[in-house]
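Protein chains in written order, with the numbering used here: chain A, 6 to 296; chain B, 6 to 296. Virtual Cβ for every residue (Gly too), placed ideally from N, Cα, C.
There are 2 protein chains.
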Amino acid sequence: MRRVTILGTGLIGGSMARGLRAAGGWTLHGVDTAAPARVAAEASGVFHALTMPETLGPEDVIVLAMPTAAAAAVLPTLAPALAAGATVTDVASVKGPLAEALGALPSALRRQVVLGHPIAGSERSGMAASDGALFQGRRVVLTPLGDTAPEALGKVEQIWSALGAEIETLSVEAHDAVLARTSHLPHLLAFALVDALGADPHREAIFRLVAGGFRDFTRIAGSDPTMWSQIFTTNGPALLEALDRFEATLRTFRGAIAAEDGAALFEAIARARATRDAALTESYGEGHDAP
Amino acid sequence: MRRVTILGTGLIGGSMARGLRAAGGWTLHGVDTAAPARVAAEASGVFHALTMPETLGPEDVIVLAMPTAAAAAVLPTLAPALAAGATVTDVASVKGPLAEALGALPSALRRQVVLGHPIAGSERSGMAASDGALFQGRRVVLTPLGDTAPEALGKVEQIWSALGAEIETLSVEAHDAVLARTSHLPHLLAFALVDALGADPHREAIFRLVAGGFRDFTRIAGSDPTMWSQIFTTNGPALLEALDRFEATLRTFRGAIAAEDGAALFEAIARARATRDAALTESYGEGHDAP
């Protein structure tokens, strides 16, 4: 039996545990510092134990299932586990600060750390919202460094394969730049739009008349403020660069609107439609718009 | 039998015809200048006739089921119908240019024109996508002017009630300002975001890794370029004002990200979440997040 110790039994950690339990062949430990999370983890019956294993070895994988800042703080404390031969991985949304935190570990141990990020989630959180199929058919991005040990990478890939995820490899920098564009910037725009409407003089009529598109567009504005304020601060430089690019495009649209240049607007909108279609076909396959 | 003549047998006109046919008690004429639309309207079997009635009177309502600019161009040609006692209404997304076009009609006839806009639609278009239940439980905004005849308003309200819509009344200016914020600006942001990503150096990885939120957020970027380039140009001033307000809020977020001010970001995101929740509860009722 391979052993996986999941530090953080929230939505992602809980979903990994459920999926591995269903796959079979894994001994699962779950550890959480919050008492309610421990109660929920115990009640779920998914974990074999709710403590850190007392001795660790090469058969162990430790998963940091927590946000970037917390994972970066925990990483140096895992030096003894790494020295005993364990592999360490994580699931956080921003990889740059974790790559930096690796600098606090001896280089011989660093090799056993594989940074990763599953592109899956929910507006809901906690073990209660966890789902063993959450990663089925979804991408997981691994960001191995030049000196990452192939055996450690292989062990982490085995976990994600068991969970049904498709594995992609990117550099730390590319991961943070891409996620800034596909996830962090859309969240930022949705939060800013809704926040602006809340302070608008037409607020009352706006609330009565929110259209269908608004609902889709702002669904992500219902996301957790703690998690998202951390993502925005930990991925600040990449997010601001993505925002700069977006604003340059938005200025082009603004200019065409101000000039009443219908032809330029038609061209830009048609191009956006074709781009979206290409992106969703690439990511989800044909028929992506089926319900 | 009350008679409704729908000029434009696309998604909205077709859906109105289907809904009124299902409600019963209406004679329905459908007129479209495009041959394929006429073929589809005939094939649907929904209309009693596909020509303009030869004589019109007080029992007639004419619906301009076409975009703002086309409706504004058609309006003056309906002077004889108005003189015969018919009521005229429309469904276009921007009301300002239509209120202006009313100036081309004698004031005695203007009273029989009731401007309106159902807050319902689809990314799909045409009679083939039409749905008699499209307006059920959705808002329709009527923007009567000071001199609009109460009898004309009553006839138009009767149509929307038969279609199951909830009737709201706003001034022309408030309508255009509110729709700029709840519909036109979200579309603009989605188009600009997707267009920016299409030109991004990370485009290839972005396409492979578009996350769930991106799909929701950019669904409206799949909308029709002809329709949306027209909406952006016809509602330019209100849209640019809404964009100014949005960008002011976005600058506040940008400042907090640049300053790594997690507390300010938490507060703004939590406020946005509460605002979205209040808006959807107001508009859709409790339990709005149920599937």
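TODO: State yes or no: is the beta carbon of G15 (chain B) nearer than 9 Å to at least one beta carbon in chain A?
DONE: Using a CB distance cut-off of 9 Å, G15 (chain B) does not count as an interface residue toward chain A.
Open item on the list: Does any residue of chain A have a CB that is nearer than 9 Å to the CB of P102 (chain B)?
Closed with: Not one chain A Cβ lies under 9 Å of P102 (chain B).
Open item on the list: Cutting at 6 Å between CB atoms, please list the residues of its own chain near M132 (chain B), excluding the five before and the five after it.
Closed with: Answer for M132 (chain B): T14, G19, A45, A46, S49, listed in chain order.
- [ ] Find the nearest neighbour of K160 (chain A) within the set A:I17, A:A27, A:W31, A:L16, judged by alpha-carbon distance.
- [x] When the alpha-carbon of K160 (chain A) is set against those of A:I17, A:A27, A:W31, A:L16, the nearest one is in A:W31.
Open item on the list: DSSP has T94 (chain A) in a bridge; who is on the other side?
Closed with: Answer by DSSP bridge pairing, in chain order: A:V68, A:V119.
Task: Boundaries (first-last residue) of the beta strand (DSSP E) holding T10 (chain A) - done: Counting along the chain, the beta strand (DSSP E) containing T10 (chain A) begins and ends at 7-12.
Open item on the list: Please report the straight-line C-alpha distance between L344 (chain A) and E64 (chain A), rounded to a whole angstrom.
Closed with: A query on residue 344 (chain A) cannot be resolved here, the shown segment of chain A reaching from 6 to 296 and no further.
- [ ] Give the residues from the stretch 164-197 of chain A that approach chain B closer than 8 Å (Cβ to any Cβ), ordered along the chain.
- [x] Only those residues of the stretch 164-197 of chain A whose C-beta falls short of 8 Å from the nearest C-beta of chain B are listed: E173, L175, A179, A182, V183, L184, R186, T187, S188, L190, P191, H192, L193, L194, A195, F196, A197.
- [ ] Over the uninterrupted beta strand (DSSP E) stretch that includes R144 (chain B), give me the two end residues.
- [x] Run containing R144 (chain B): 144-147, per the beta strand (DSSP E) assignment.
- [ ] Check whether the Cβ of P230 (chain A) lies closer than 9 Å to any Cβ atom in chain B.
- [x] P230 (chain A) counts as touching chain B.
Task: Short-range partners of chain B found in the stretch 98-126 of chain A, where Cβ spacing is below 8 Å - done: Flagged, chain order: I124, A125, G126.
- [ ] Enumerate, from N- to C-terminal direction, the unbroken alpha helix (DSSP H) stretches of 4 or more residues contained entirely within the stretch 194-239 of chain B.
- [x] When DSSP assignments are scanned along the stretch 194-239 of chain B, the uninterrupted stretches of alpha helix (DSSP H) that are 4 or more residues long and fall wholly within it turn out to be 208-213, 217-223, 230-239.
Open item on the list: Just to make sure I have the definition right: I need the residues of chain B whose C-beta is within less than 7 Å of the C-beta of W31 (chain A). Which are they?
Closed with: Ordered by position in chain B, no residue passes the 7 Å Cβ test against W31 (chain A), which lies about 26 Å from the chain.
Open item on the list: Using the three-state DSSP reduction, which class does V161 (chain A) fall into: helix, strand or coil?
Closed with: In the structure shown, V161 (chain A) sits in a helix (DSSP, three-state: H, G or I).
Open item on the list: Less than 9 Å between the C-beta atoms of G121 (chain A) and V145 (chain A), yes or no?
Closed with: In contact: G121 (chain A) and V145 (chain A) (Cβ atoms closer than 9 Å).
- [ ] Please say whether G108 (chain B) and D181 (chain B) have beta carbons closer to each other than 9 Å?
- [x] Going by C-beta atoms, D181 (chain B) is not nearer than 9 Å to G108 (chain B).
Task: Short CB-CB distance (under 9 Å) between L285 (chain A) and chain B - done: Chain B, which has a Cβ nearer than 9 Å to the Cβ of L285 (chain A), makes this yes.
Open item on the list: Quick check on the burial criterion: 16 or more other C-beta atoms within 10 angstroms. Buried or exposed for R224 (chain B)?
Closed with: Burial check for R224 (chain B): the Cβ neighbour count within 10 Å reaches 16 or more, so the residue is buried.
Open item on the list: Between I200 (chain A) and chain B, is any beta-carbon pair separated by less than 9 Å?
Closed with: This sequence places Asp at residue 200 (chain A); Ile is not what is there. For D200 (chain A), the answer is yes, since a Cβ of chain B falls inside 9 Å of its Cβ.
Task: Beta-carbon proximity check, T174 (chain A) vs A104 (chain A), cutoff 9 Å - done: Contact: no.
TODO: Give me whichever residues DSSP pairs with A45 (chain A) in a beta bridge.
DONE: Beta-bridge partners of A45 (chain A) (DSSP): none assigned.
Open item on the list: Within 9 Å of any Cβ in chain A, is that where the Cβ of A133 (chain B) sits?
Closed with: No, because no Cβ of chain A sits closer than 9 Å to the Cβ of A133 (chain B).
TODO: Assess, as a yes-or-no matter, whether the stretch 273-287 of chain A is touched by the stretch 195-204 of chain B under the definition of 3 or more beta carbon pairs within less than 8 Å.
DONE: Because the criterion of three Cβ pairs below 8 Å is met, the stretch 195-204 of chain B and the stretch 273-287 of chain A touch.
- [ ] Answer yes or no: do T10 (chain A) and V36 (chain A) have a C-beta to C-beta separation smaller than 9 Å?
- [x] Yes; because the gap between Cβ atoms is below 9 Å, this pair is in contact.
Task: Members of the stretch 135-153 of chain B near chain A, C-beta cut-off 9 Å - done: Near chain A, meaning a CB-to-CB distance below 9 Å, the residues of the stretch 135-153 of chain B are R143, R144, V146.
Open item on the list: Would F219 (chain B) and A284 (chain A) be called neighbours here (beta carbons separated by less than 9 Å)?
Closed with: Between F219 (chain B) and A284 (chain A), the gap from beta carbon to beta carbon is short of 9 Å.
Task: Cβ neighbour criterion (16 or more within 10 Å) applied to Q117 (chain B) - done: Taking all protein chains shown into account, Q117 (chain B) has 16 or more neighbouring C-beta atoms within 10 Å of its C-beta and is therefore buried.
Open item on the list: Just list the residues that DSSP pairs H34 (chain A) with in beta bridges.
Closed with: Per DSSP, the beta-bridge partners of H34 (chain A) are A:T10, A:A54.
TODO: Compare the C-beta of A273 (chain B) with all C-beta atoms of chain A and state if any pair is closer than 9 Å.
DONE: Interface annotation, A273 (chain B): in contact with chain A, CB-CB separation under 9 Å.
Open item on the list: So the candidates are A:S112, A:A89, A:I124; which of them puts its Cα closest to the Cα of A97 (chain A)?
Closed with: Of A:S112, A:A89, A:I124, the residue nearest in Cα terms is A:I124.
- [ ] To the nearest angstrom, report how far apart A77 (chain A) and T239 (chain A) are at their CA atoms.
- [x] T239 (chain A) has its alpha-carbon roughly 11 Å from the corresponding atom of A77 (chain A).
TODO: Assign T153 (chain A) to one of three DSSP states: helix, strand, or coil.
DONE: The answer is coil: DSSP assigns T153 (chain A) none of H, G, I, E or B.
TODO: Provide the residue span of the alpha helix (DSSP H) that contains T73 (chain A), from first to last.
DONE: Start and end: 73-79.
Task: Own chain, CB closer than 6 Å to A226 (chain A), minus 5 neighbours either side, in chain order - done: So the qualifying residues of the chain are A195, F196, V199.
Task: Residues near S188 (chain A) by beta carbon distance below 7 Å, same chain, minus five either side - done: Around S188 (chain A): no qualifying Cβ.
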